[in-house]
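Visitor: Starting off with a structure, shown below.
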Ligand SMILES: Nc1ncnc2c1ncn2[C@@H]1O[C@H](COP(=O)(O)OP(=O)(O)OP(=O)(O)O)[C@@H](O)[C@H]1O
Ligand SMILES: [Mg+2]
């Protein structure tokens, strides 16, 4: 069965499409057959990126398709090893549907309380509606240099009862330039940036492996 990872948020611009592309690329690089289902029809960020990637002949191949609804997005999921769903800018009714069908739900957030509060409200809402809390993982994304604010954010999310990926994705122009060229955050022109992005993707992959193996044992 295809694994499904959803990337969702309450707020726009927190890094969903960036993490979607990163995760898709890192799994594809490991030989997985990966599809991105872009559910953000208004912007089509991943679709546009996929077009540029194809035009530039970047390997590994990642199929990207746009969908207005979840059901058709998953209709051919069995043909893939992994489907990564890029959610719409803001949480909608579909966000809950995504969370329900996913093996793992990634919620990117910035470090400010302005970002953290709505992210936690969304997570609480998903859990209240029956999504297992351990299916959710927060990723601190677009972060600056302040270690103190990262620690504060981690504490806030831990107190709210949620897990946070061990590594953060910093805010760097190098990532934007990579994505402009159809590349993922781990394919930038800078080795240190690539390593940071790979570490975030590895946290997500480890999390997926743990969840899936636990489910298989149960
Ligand atoms: N780590 C980063 N460093 C620099 N720029 C970034 C980073 N992550 C995202 N960006 C930029 O920030 C903007 C928003 O990122 P992204 O599109 O990934 O967020 P999003 O949550 O998908 O947004 P939306 O809610 O509009 O769909 C984009 O211009 C993207 O290129
Ligand atoms: Mg997006």
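Numbering (UniProt numbering), first residue to last: 1 to 218. Positions of the beta carbon are idealized from the N, C-alpha and C atoms, including for glycine.
Taking only the alpha-carbon atoms, compute the straight-line gap between residue 199 and residue 167 and give it to the nearest angstrom.
Guide: Here residue 199 corresponds to residue number 199 of the chain shown, with the count starting at 1. Here residue 167 corresponds to residue number 167 of the chain shown, with the count starting at 1. C-alpha separation (whole angstroms): 6 Å.
Visitor: Report whether the distance from the Cβ of residue 164 to the nearest heavy atom of ligand 1 is below 7 Å.
Guide: Position 164 of the chain shown, counted from the first residue, corresponds to residue 164. No, ligand 1 has no heavy atom inside 7 Å of this Cβ.
Visitor: Quick check on residue 187: does DSSP put it in helix, strand or coil?
Guide: For the purposes of this step, residue 187 is taken as the residue at position 187 of the chain shown. In the structure shown, residue 187 sits in a helix (DSSP, three-state: H, G or I).
Visitor: Could you give the residue range of the alpha helix (DSSP H) that holds residue 28?
Guide: Position 28 of the chain shown, counted from the first residue, corresponds to residue 28. Note, residue 28: alpha helix (DSSP H), 16 to 29.
Visitor: Quick one: is residue 13 buried, meaning 16 or more other Cβ sit within 10 Å of its Cβ, or exposed?
Guide: Here residue 13 is taken as the residue at index 13 of the chain shown, counted from 1. Classification of residue 13: exposed, given that the 10 Å Cβ count is below 16.
Visitor: What does the alpha-carbon distance come out to for the pair residue 156 and residue 135?
Guide: Residue mapping note: residue 156 aligns to position 156 of the chain shown, counting from 1. Residue mapping note: residue 135 aligns to position 135 of the chain shown, counting from 1. The alpha-carbon atoms of residue 156 and residue 135 are separated by roughly 18 Å.
Visitor: Comparing alpha-carbon positions, which option in 58, 88, 91, 97 lies nearest residue 74?
Guide: As a position in the chain shown, residue 74 is number 74, starting the count at 1. The residue with the shortest Cα to Cα distance from residue 74 is 97.
Visitor: With a cut-off of 8 Å on the beta carbons, I'd call residue 39 and residue 87 a contact; round off their distance for me.
Guide: Mapped onto the chain shown, residue 39 falls at position 39. Mapped onto the chain shown, residue 87 falls at position 87. The pair is a contact, with the Cβ atoms about 6 Å apart (cut-off 8 Å).
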